Amino acid sequence: MNYYKILNSAQTDKIEDITKKYKELAFKYHPDRNISNTSEATEKFKEINQAFSNIKLNHNKTYRSFAQNKFDFKHFTDKLINKGELLNTIINKAKNIDVTEFFNVFFDNIKQFRFYYDDIFSKIQTDDINVTINVELSDIFNNEEKIINMVRKRKCFKCYTNDLKFCRTCDNKIYYEQEKCFIVNCADQVVVFSGESNEEKNKKPGDIIIKFICKPNSIFNIINDHDILYTINHFTKEPIRNEFIYLDKQTYIFECSYPFASSYIIPCKGINIPYSTKRGNIIIKINTFNGENNNFKFRLK
Ligand SMILES: [Zn+2]
Numbered sequence: 509m510n511y512y513k514i515l516n517s518a519q520t521d522k523i524e525d526i527t528k529k530y531k532e533l534a535f536k537y538h539p540d541r542n543i544s545n546t547s548e549a550t551e552k553f554k555e556i557n558q559a560f561s562n563i564k565l566n567h568n569k570t571y572r573s574f575a576q577n578k579f580d581f582k583h584f585t586d587k588l589i590n591k592g593e594l595l596n597t598i599i600n601k602a603k604n605i606d607v608t609e610f611f612n613v614f615f616d617n618i619k620q621f622r623f624y625y626d627d628i629f630s631k632i633q634t635d636d637i638n639v640t641i642n643v644e645l646s647d648i649f650n651n652e653e654k655i656i657n658m659v660r661k662r663k664c665f666k667c668y669t670n671d672l673k674f675c676r677t678c679d680n681k682i683y684y685e686q687e688k689c690f691i692v693n694c695a696d697q698v699v700v701f702s703g704e705s706n707e708e709k710n711k712k713p714g715d716i717i718i719k720f721i722c723k724p725n726s727i728f729n730i731i732n733d734h735d736i737l738y739t740i741n742h743f744t745k746e747p748i749r750n751e752f753i754y755l756d757k758q759t760y761i762f763e764c765s766y767p768f769a770s771s772y773i774i775p776c777k778g779i780n781i782p783y784s785t786k787r788g789n790i791i792i793k794i795n796t797f798n799g800e801n802n803n804f805k806f807r808l809k
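Be aware that the sequence shown starts at 509, since it is given in this note's numbering, and climbs by one per residue.
Next comes the structure, spelled out in structure tokens:
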């Protein structure tokens, strides 16, 4: 029963204001004033009095804990969604009831809740785990997926939330080492697994950050993030006919005739651009004989 509602008040109202509302309602529904409707007025009068005596007993207490903890309920419940069965139960119990009842349910469950509590309310994070992986350029080009096994410290759900005498999962250490496979695509240059770092008491878990570094390749290089640079040395005015095996293992032939541009763009055959189906380009750079490419001037006016 929501006593505040009966008195047309709210949990956050001052007790003086609630008292005023109570007096107005008690005056209105006093059985002596409702002779034509005594039984209904008596019921209402009782209800108002019961509500007021309950509020008087608990108002300051609940209001204080509400204020002290500075709970932002919107934020709070939003964060809890998707945290599993336990929290759904708490939330479902807490839905559509007043704050007093919410706290009763909340503190009844606080022990079980402790497991999640840390990472919801803590501002301190555990250290991020940074992993650098050297990969071949062809792995990046071909969007190769790699499986990375990581061992992280996790809270033991069984005994972090219950006082077990013997816990086989963690040997009563409250924490245990857990191995997890992370599947990463080499074409994503940086991958962040949020909240997957070690767990510690009263801290949010940090992130696992995986970075790919391309091993040097003697033929092709990544430029502009997603383009592949291929350089042809050609020191005569003869037409160019260049045959090469590309990163997709196919053989291509590039042909052009004099005068040569300094570079040519072959679209959409570069590195996959993360979160899209597009690719960068191949940029074919022509190194011609000395002098030919140097017929330009550059000076201050
Ligand atoms: Zn345990």
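Glycine is no exception: its CB is placed at the ideal position from the N, C-alpha and C atoms. Given the structure is predicted, the values throughout are model-derived calculations rather than measurements.
{"Item": "Separation of residue 518 from residue 709, as counted between CA atoms", "Value": "36 Å"}
{"Item": "Residue 779 and residue 734 closer than 8 Å at C-beta", "Value": "yes"}
{"Item": "Any heavy atom of ligand 1 within less than 5 Å of residue CB: hits in chain order", "Value": "664, 666, 667, 675, 677 and 678"}
{"Item": "Cβ-based burial, residue 776 [other Cβ within 10 Å; buried from 16]", "Value": "exposed"}
{"Item": "Beta carbon proximity, residue 722 to chain D, threshold 8 Å", "Value": "No chain D is part of this structure, which consists of one protein chain only."}
{"Item": "Residue environment, residue 645, which counts as buried when at least 16 other CB atoms sit within 10 Å", "Value": "buried"}
{"Item": "Straight-line gap, residue 649 to residue 755 (C-alpha atoms, nearest Å)", "Value": "7 Å"}
{"Item": "Pair within 8 Å by beta-carbon distance, residue 677 and residue 661", "Value": "no"}
{"Item": "Integer-rounded CB distance, given that residue 717 should sit under 8 Å from residue 698", "Value": "7 Å"}
{"Item": "Option nearest residue 762 by Cα separation, candidates 783, 535 and 738", "Value": "738"}
{"Item": "4-residue-minimum alpha helix (DSSP H) runs that sit fully inside the stretch 627-702, ordered along the chain", "Value": "645-649 and 665-668"}
{"Item": "Where residue 584 falls: helix, strand or coil (DSSP)", "Value": "Residue confidence is low: residue 584 scores 47 on pLDDT, short of 50, so the model does not pin down where it sits. No coordinate-derived value is stated."}
{"Item": "Terminal residues of the beta strand (DSSP E) in which residue 738 lies", "Value": "735-741"}
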